[in-house]
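Keeping their order, the protein sequence lines are chains V and S. Just so you know, the working numbering puts 252 at position 252 of the first sequence, and the rest follows in order with no gaps. Just so you know, the working numbering puts 1094 at position 94 of the second sequence, and the rest follows in order with no gaps. We put the beta carbon where it would ideally sit given N, CA and C, even for glycine. Note that the structure is predicted; figures quoted are calculated from it, not measured.
There are 2 protein chains.
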Amino acid sequence: MSKSTVSNVIRGAGGVAPETRRRVLESIASLGYRPNAVARHLVQRQTSTFGLLVGDLANPFYSELAKLVERHASQAGYSTMICNTDGRPKLESARVESLLEHRVAGIIMLQFSGTASVIGELLAQDMPLVVASWEERSDCVSVDDQAGARLAVEHLLSLGHRRIVYVSSELVEPATDAARFEGYRNALLAAGLEPVYLRWEKVGSEVPDRATAFFVSNDVVAIQLVDTLEERGVRVPRDVSVAGFDDIALAGLRRISLTTVAQPRERLAELVVAILIRRIEDGVGLPLQQHRLHPALVVRSSTGPPPP
Amino acid sequence: MSKSTVSNVIRGAGGVAPETRRRVLESIASLGYRPNAVARHLVQRQTSTFGLLVGDLANPFYSELAKLVERHASQAGYSTMICNTDGRPKLESARVESLLEHRVAGIIMLQFSGTASVIGELLAQDMPLVVASWEERSDCVSVDDQAGARLAVEHLLSLGHRRIVYVSSELVEPATDAARFEGYRNALLAAGLEPVYLRWEKVGSEVPDRATAFFVSNDVVAIQLVDTLEERGVRVPRDVSVAGFDDIALAGLRRISLTTVAQPRERLAELVVAILIRRIEDGVGLPLQQHRLHPALVVRSSTGPPPP
DNA sequence: GTGAAAGCGCTAACAT
DNA sequence: ATGTTAGCGCTTTCAC
């Protein structure tokens, strides 16, 4: 009963006599032996751990996604090391450095803080990486942000709105925000209307009085916007309509009932993990794996016709 | 420039000549050398990774807590391996086994699925463990669930309610649920009233018509309950009052405005991590570290006087 | 102050 | 089918 035989039994490698196998298993049970993954990873020069970078776990969209990603990862035999970056580039690079030192098998970025260099560095080191938003340089899977925005804006347009404002926030990474704004802008331009870009942080001071509808770059901020508006006595959707993006669980509550662009979360999580595993197994040779998923408009009651 | 000298420089261990130190640092930079944490952990027979077990990351209370825990952990130099158990004991033990094989330095359970044996096994192996709810046998920190429930019920009582129903759900682990029910029960009994225990899953079929108020064991279910009630045309708080437990971020929204018992999340996360680190450093000799935090009632507009 | 040597617990290649 | 050997990349004595 040498180390290698025990190893063969544990790893399910063939070539072990049934009787030997039984004895090994028995000893393992009686001694309470537990294989040491650290040692295995060292000798294999490969861990079975993913690094999961998320901007803000307190944002339901990301925590829901993180949950799904972790599930798929563990089903495929991978553990998940989670890092909340708070959207801070400094923190992000520190956490990436730590993941690299831990020799994670691959990294998933649910939200990329905007420091383009981080992605470049990861790629330069051949670290398998999947970004859950559009990223030219690496494997990625995202929803078609432009199409999603167009869906929402066309809905607002068809309701009769003419003064539709785009509201952005720091919670959405710049590239994604840009794509959603672009979709919004194209839809407005096509209707011969003028796009207006507003930062959520400034809604307090400069909210355009004549706006009859807002398209907000994510649900969390959309819900906060409804809150803020109603605090000022503006009723939604009677006085003004609000549409969001993501379709977080909360958006479906009767009291919230937010019209929004739904992301296929389940499919997204599944794909992200599958793509990462593929990259890990097939290596650098594999061409870029980039997917764009279709979003769907979910009409609820935060949008309605503009006041007369 | 031997391996040990490099090691001494990296670890900041003294006894290295400034000139040598400079040269080592320079080589590290030019070669792009990155220390291998896996090897370090193997030789030290200790990782710097925490295992974080959470019942449901999609529940905002847990994701908010997870975020805080991860932050404190990383500030203390620990990585966080996250495991979503979905409240399923089978999954839970599988994930714990994986954490054990990874030789995590300690485990934090944000929600314990109810299989008492898991905790026993962990303790038997001297695995540092902190449970974020009351657990006699191990280090733990929780809010005073009984006191919290009493706060909520006394508020309802003072509003004039007499038929107050307790609503439980699978989302809350049994021990916590029991403590909250106990606090509810005591408060009702003290007022000479009869406690009623109802499972959320059964609210559809057997909701007591004469109830004028519900105390729900957590916010997520409380919010769903409000939804369900209003779907049936029952208005909150006009017809019936609802109070929850946790004070998730969502509860503060105007549209939701849920009266609830607030848990000191920030303090909880901080303590959990501090206690775990203490246990890791001081070992088995240290007596049990058990803390009970004080909850606070947050009165919002989901509660009001009962209808005449 | 620096280097040489041993060994953490495994796997993989090679003997037997 | 089983055992032996040689590392994986570090830290930690222990010599020098």
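Can you tell which of the options has its C-alpha closest to the C-alpha of residue i?
i, options, result
"Leu1297(S)", "Gly1051(S), Val1141(S), Ala1147(S)", "Ala1147(S)"
"Tyr1331(S)", "Val1226(S), Arg1180(S), Arg1265(S)", "With chain S running from 1001 to 1308 in the structure shown, residue 1331(S) is simply not present."
"Ser27(V)", "Gln263(V), Thr5(V), Ser48(V)", "Thr5(V)"
"Val172(V)", "Val261(V), Gly55(V), Ala94(V)", "Gly55(V)"
"Leu52(V)", "Asn59(V), Ala58(V), Gln44(V), Ala66(V)", "Ala66(V)"
"Ile1275(S)", "Glu1097(S), Cys1140(S), Arg1254(S)", "Cys1140(S)"
"Thr1049(S)", "Arg1034(S), His1072(S), Gly1252(S)", "His1072(S)"
"Glu1092(S)", "Ile1119(S), Glu1135(S), Val1284(S)", "Ile1119(S)"
"Ile280(V)", "Asp126(V), Thr260(V), Val165(V)", "Asp126(V)"
"Leu1031(S)", "Arg1023(S), Ile1248(S), Val1153(S)", "Arg1023(S)"
"Gly87(V)", "Pro174(V), Leu157(V), Leu198(V)", "Pro174(V)"
"Ala249(V)", "Leu57(V), Val273(V), Glu64(V)", "Glu64(V)"
"Glu135(V)", "Gln290(V), Val167(V), Leu198(V)", "Gln290(V)"
"Arg267(V)", "Leu68(V), Gly12(V), Gly244(V)", "Leu68(V)"
"Asp239(V)", "Arg95(V), His41(V), Ala222(V), Phe214(V)", "Phe214(V)"
"Tyr1078(S)", "Pro1305(S), Glu1101(S), Thr1047(S), Ala1152(S)", "Thr1047(S)"
"Asp1247(S)", "Asp1219(S), Thr1228(S), Leu1229(S), Leu1253(S)", "Asp1219(S)"
"Ser1117(S)", "Arg1103(S), Arg1137(S), Glu1101(S), Ser1133(S)", "Arg1137(S)"
"Asp282(V)", "Pro89(V), Met1(V), Pro128(V), Lys90(V)", "Pro128(V)"
Would you say residue i faces chain S, with C-beta separation under 9 Å as the test?
i, result
"Arg103(V)", "yes"
"Glu64(V)", "yes"
"Pro128(V)", "no"
"Asp227(V)", "yes"
"Asp246(V)", "no"
"Ser34(V)", "Per the sequence shown, the amino acid found at residue 34(V) is Arg instead of Ser. Closer than 9 Å to some Cβ of chain S, the Cβ of Arg34(V) qualifies, so yes."
"Leu57(V)", "yes"
"Thr80(V)", "yes"
"Lys90(V)", "no"
"Ser74(V)", "yes"
"Arg254(V)", "yes"
"Glu266(V)", "no"
"Ala249(V)", "yes"
"Asn8(V)", "no"
Under a CB-based cut-off of 9 Å, is residue i close to chain V?
i, result
"Glu1230(S)", "yes"
"Thr1047(S)", "yes"
"Ser1241(S)", "no"
"Ser1217(S)", "no"
"His1041(S)", "yes"
"Val1038(S)", "yes"
"Ser1169(S)", "no"
"Lys1202(S)", "no"
"Pro1060(S)", "yes"
"Ile1028(S)", "no"
"Arg1022(S)", "no"
"Arg1095(S)", "yes"
"Cys1083(S)", "yes"
Could you pull the DSSP bridge partners for residue i from this structure?
i, result
"Phe215(V)", "Tyr166(V), Ala243(V)"
"His1291(S)", "Val1141(S)"
"Ala1178(S)", "Ala1178(S) pairs with nothing; no bridge assigned."
"Tyr197(V)", "Tyr166(V)"
"Asn8(V)", "In DSSP, Asn8(V) forms no bridge with anything."
"Thr1259(S)", "Ala1243(S)"
"Gly1106(S)", "Phe1050(S)"
"Val131(V)", "Met109(V), Cys140(V)"
"Ala313(V)", "The structure shown does not extend to residue 313(V), since chain V is modelled only from 1 to 308, so the question has no answer here."
"Asn1084(S)", "Val1054(S)"
Quick one: measure Cβ to Cβ for residue i and residue j, integer angstroms, because I've assumed they're closer than 8 Å.
i, j, result
"Leu1258(S)", "Arg1210(S)", "Contact flag wrong, Cβ pair sits at about 23 Å."
"Arg180(V)", "Ser241(V)", "Rounded, the Cβ-Cβ distance is 17 Å, inconsistent with contact."
"Trp1200(S)", "Ser1158(S)", "With a Cβ gap of about 25 Å, Trp1200(S) and Ser1158(S) do not count as contacting."
"Ala262(V)", "Pro237(V)", "With 8 Å as the limit, Ala262(V) and Pro237(V) do not qualify as a contact, their Cβ atoms being about 19 Å apart."
"Val1203(S)", "Leu1225(S)", "7 Å"
"Arg255(V)", "Ile1256(S)", "6 Å"
"Thr80(V)", "Met1081(S)", "7 Å"
"Arg292(V)", "Asp144(V)", "5 Å"
"Leu100(V)", "Arg1034(S)", "6 Å"
"Val1009(S)", "Leu1025(S)", "7 Å"
"Leu122(V)", "Val104(V)", "About 11 Å separates the two Cβ atoms, so there is no contact after all."
"Pro305(V)", "Gly160(V)", "5 Å"
"Leu1198(S)", "Val1221(S)", "At roughly 11 Å, the Cβ-Cβ gap does not stay under 8 Å, so Leu1198(S) and Val1221(S) are not in contact."
Completely contained beta strand (DSSP E) runs for the stretch 1013 to 1080 of chain S, where each covers 3 or more residues:
1049 to 1054
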